[in-house]
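K.L.:
Have a look at the structure that comes next, please.
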Amino acid sequence: MQEKQGSLVNVGLGMTLGAHITPLSRTYIEQADVVFVSASNRLIEQWVESMNPNVISLQSYYDEGKSRRHTYREMTEAILAEVRAGKKVCGAFYGHPGVFALPPHVTIRRAREEGYRAHMEPGVSAEDCLYADLGIDPGRSGCAHFEASQFMFNHRPFDASAYLILWQVGVAGDKSLQVFESTVQQKQLLVDLLLDTYSADHPVTLYECAVLPIESMRADTVKLIDLAQQPMNMKTTLVIPPGKDKQKNQAMIEKAAQCAKK
Amino acid sequence: MNVIQQLETLGQSGSLKQFASVSEMLMTGQVDGAFLTKVNKNNIELICFIEPDDDDDEN
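From first to last, the protein sequence lines are chains A and B.
Just so you know, we're using the numbering used here here: the first sequence kicks off at 9 and counts up by one.
Just so you know, we're using the numbering used here here: the second sequence kicks off at 3 and counts up by one.
Here's what the structure looks like:
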C-alpha cells in the first residue's frame with residue numbers, strides 16, 4: 009500500500025521538565041504541523057508550546073463523571089483526524105509514550121492500518137526515575153509491574169521474592185474510570201489482597217517523581233496495614249519490596265551443569 | 003528569559019538532588035527571587051491518566 013501524506017510520531021517528554029526529553033523527540037515536536045500534548049502539569053504544556061505554537065492539549069477531553077475509556081477514544085480520533093488531513097502530527101506524552109498509555113499505541117496501530125507512516129520514540133518513564141530515586145535494581149531480585157486495579161480485578165499470580173510495583177494506585181479499585189481518586193475503602197481492598205502475601209508491618213513506599221526541576225520526589229514508606237489512609241494522587245506509584253527470599257531451583261542448577269561445555 | 007526558559011535551563015543544567023535546598027539550586031543557577039512566584043502561578047496539576055485499568059477495551 010502506498011503511504012499517504014499524513015504522518016504520526018508519538019514521543020516522550022520524560023518526567024521532569026527540561027531534564028529528560030531526548031534531542032530527537034524535541035526535533036519531532038519542533039517540526040510537527042500540530043502537536044497533541046498530554047502532560048501532568050500546565051507548566052509542561054507551556055514548555056511544549058515554547059517548542060511549537062501549534063499545540064492542542066488533550067486535557068479538554070477529561071471530565072469528572074465521564075468514562076476515561078470514552079476520553080481515550082476521543083483523544084485517538086482527534087489525533088487521527090489531523091493525520092488523515094495530511095498533517096505531520098506529533099503526540100507528546102509525559103514520561104514514555106508507550107508505558108501505561110493507551111492512545112499512543114492505538115493511534116500508531118490505526119494510522120499504520122490506514123496507510124500512514126507512524127512510529128514511537130521513547131522517553132524517560134516514571135519507572136526509570138523510580139529505579140534511580142529509590143536505588144532499586146530490578147535485576148537483583150526481579151520486579152513485577154501491574155496497573156493497580158488490573159492487579160485487583162484479575163487473578164495475577166506474582167512472585168513475592170521480587171519487587172511488586174503497582175501503578176495508578178491512587179485510583180486502585182475504581183472500575184468506573186469516572187473518578188480521579190478512589191475511596192479509602194477501595195484502597196483497603198487492595199491492602200486486604202496484599203495481606204494474603206505480605207505481613208501487616210511490611211514496608212511499602214508511595215513514590216512520585218519530580219515533575220519540575222525544583223521539586224523533590226516523594227518516597228513515603230509506611231506499613232502495609234496503614235497504606236489505605238495515605239494521601240495518593242494520579243502520579244502515585246506503590247513500591248513493595250520482596251516479602252521473602254528467593255528459593256533456589258537446585259534441580260535446574262544441576263541440569264544446567266550437566267548441559268555445560270566440558 | 004521567561005519562566006519556562008528558566009525552568010528548562012535549570013532542568014538541563016542540574017538536579018535538585020545535588021543541592022541542599024531549592025534556594026541553593028536557584029542561587030547557583032542565578033535565578034531571581036520572583037521566579038518561584040511566577041512558577042507557582044502556573045504550577046497547576048493536570049490529569050495524566052492515559053491507561054485504562056484493564057485490557058478489555060483497547061479500541
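Cβ coordinates follow ideal geometry from the N, Cα and C atoms, glycine included.
Assuming residue 40 of chain A and residue 98 of chain A are in contact, meaning their beta carbons sit under 8 Å apart, how far apart are those beta carbons, in whole angstroms?
P.N.:
If you number the first sequence from 1, residue 40 of chain A lands on position 32. If you number the first sequence from 1, residue 98 of chain A lands on position 90. With a Cβ gap of about 4 Å, residue 40 of chain A and residue 98 of chain A count as contacting.
K.L.:
Please decide whether residue 138 of chain A counts as near chain B, where near means a Cβ-Cβ distance under 9 Å.
P.N.:
Translated into positions along the first sequence, residue 138 of chain A becomes position 130. Judged by the 9 Å Cβ criterion, residue 138 of chain A is not in contact with chain B.
K.L.:
Does residue 163 of chain A get closer than 9 Å to chain B when you measure Cβ to Cβ?
P.N.:
Numbered from 1 along the first sequence, position 155 holds the residue referred to as residue 163 of chain A. Answer no: the Cβ-Cβ gap between residue 163 of chain A and chain B never drops below 9 Å.
K.L.:
If you compare alpha carbons, which of A:161, A:106 and A:171 is closest to residue 254 of chain A?
P.N.:
Residue 254 of chain A sits at position 246 when you count from the first residue of the first sequence. Measuring from the Cα of residue 254 of chain A, the nearest candidate turns out to be A:171.
K.L.:
How many Å lie between residue 185 of chain A and residue 63 of chain A at the Cα?
P.N.:
Looking up residue 185 of chain A in the first sequence gives position 177. Looking up residue 63 of chain A in the first sequence gives position 55. C-alpha separation (whole angstroms): 26 Å.
K.L.:
If you measure from the beta carbon of residue 102 of chain A to each beta carbon in chain B, is any gap under 9 Å?
P.N.:
One-based indexing of the first sequence puts residue 102 of chain A at position 94. At least one chain B Cβ lies under 9 Å of residue 102 of chain A.
K.L.:
Where do the ends of the beta strand (DSSP E) carrying residue 89 of chain A lie?
P.N.:
Here residue 89 of chain A corresponds to residue number 81 of the first sequence, with the count starting at 1. Run containing residue 89 of chain A: none in the beta strand (DSSP E); it sits in the alpha helix (DSSP H), 76-92.
K.L.:
Could you tell me which chain A residues have their CB closer than 8 Å to the CB of residue 35 of chain B, listed as they occur along the chain?
P.N.:
Locating residue 35 of chain B in the second sequence gives position 33, where the first residue counts as 1. Chain A residues near residue 35 of chain B: none, gap ~13 Å exceeds 8 Å.
K.L.:
Measure the Cβ-Cβ separation of residue 48 of chain B and residue 221 of chain A and say whether it is below 9 Å.
P.N.:
Position 46 of the second sequence holds residue 48 of chain B. Position 213 of the first sequence holds residue 221 of chain A. Contact flag unset, no.
K.L.:
Who does residue 273 of chain A pair with in a DSSP beta bridge?
P.N.:
Because chain A spans 9 through 270 in this model, residue 273 of chain A falls outside it and cannot be assessed.
K.L.:
Please state whether DSSP places residue 30 of chain B in a helix, a strand or coil.
P.N.:
The sequence position of residue 30 of chain B within the second sequence is 28, counting from 1. Looking at residue 30 of chain B - three-state DSSP - the assignment turns out to be helix.
K.L.:
Could you pull the start and end residues of the alpha helix (DSSP H) that residue 199 of chain A belongs to?
P.N.:
On the first sequence, position 191 is the one that residue 199 of chain A refers to. Counting along the chain, the alpha helix (DSSP H) containing residue 199 of chain A begins and ends at 192-202.
K.L.:
What residues in its chain sit with their C-beta under 6 Å from that of residue 189 of chain A, if we drop five residues either side in the sequence?
P.N.:
Looking up residue 189 of chain A in the first sequence gives position 181. Cβ within range, chain order: 178.
K.L.:
Can residue 18 of chain A and residue 93 of chain A be called in contact, C-beta distance under 9 Å?
P.N.:
On the first sequence, position 10 is the one that residue 18 of chain A refers to. On the first sequence, position 85 is the one that residue 93 of chain A refers to. Cβ atoms of residue 18 of chain A and residue 93 of chain A: not closer than 9 Å.
K.L.:
What residues from the region 217-234 of chain A come within 9 Å of chain B, judged by C-beta to C-beta, listed N to C?
P.N.:
218, 219, 220, 221, 222, 223, 224 and 225
K.L.:
Are at least three pairs of beta-carbons, each pair with one atom in the region 77-96 of chain A and one in the region 104-114 of chain A, less than 8 Å apart?
P.N.:
yes
K.L.:
Using a Cβ-Cβ cutoff of 7 Å, what residues of the region 23-48 of chain A are near chain B? List them in chain order.
P.N.:
Those would be 24, 25, 26, 27, 46, 47 and 48, in chain order.
K.L.:
Output needed for residue 61 of chain B: all residues of its chain with C-beta closer than 8 Å, excluding positions within five of it in sequence on either side, in chain order.
P.N.:
Sequence index remark: in the second sequence, residue 61 of chain B carries index 59 (1-based). Per-residue confidence for residue 61 of chain B stands at a pLDDT of 40, beneath the threshold of 50, marking its modelled position as unreliable; the derived number appears in the next sentence. The beta carbon of residue 61 of chain B sits closer than 8 Å to none of the beta carbons in its chain outside the five residues before and after it.
K.L.:
Return the bridge partner residues of residue 240 of chain A from the DSSP annotation.
P.N.:
For the purposes of this step, residue 240 of chain A is identified with residue 232 of the first sequence, where counting begins at 1. DSSP, once it has assigned bridges, lists no residue as partnering residue 240 of chain A.
K.L.:
Can you give me the start and stop residues for the beta strand (DSSP E) that residue 215 of chain A sits inside?
P.N.:
Taking the first sequence and counting its residues from 1, one reaches residue 215 of chain A at position 207. Looking at the DSSP string, the run of the beta strand (DSSP E) that includes residue 215 of chain A is 211-216.
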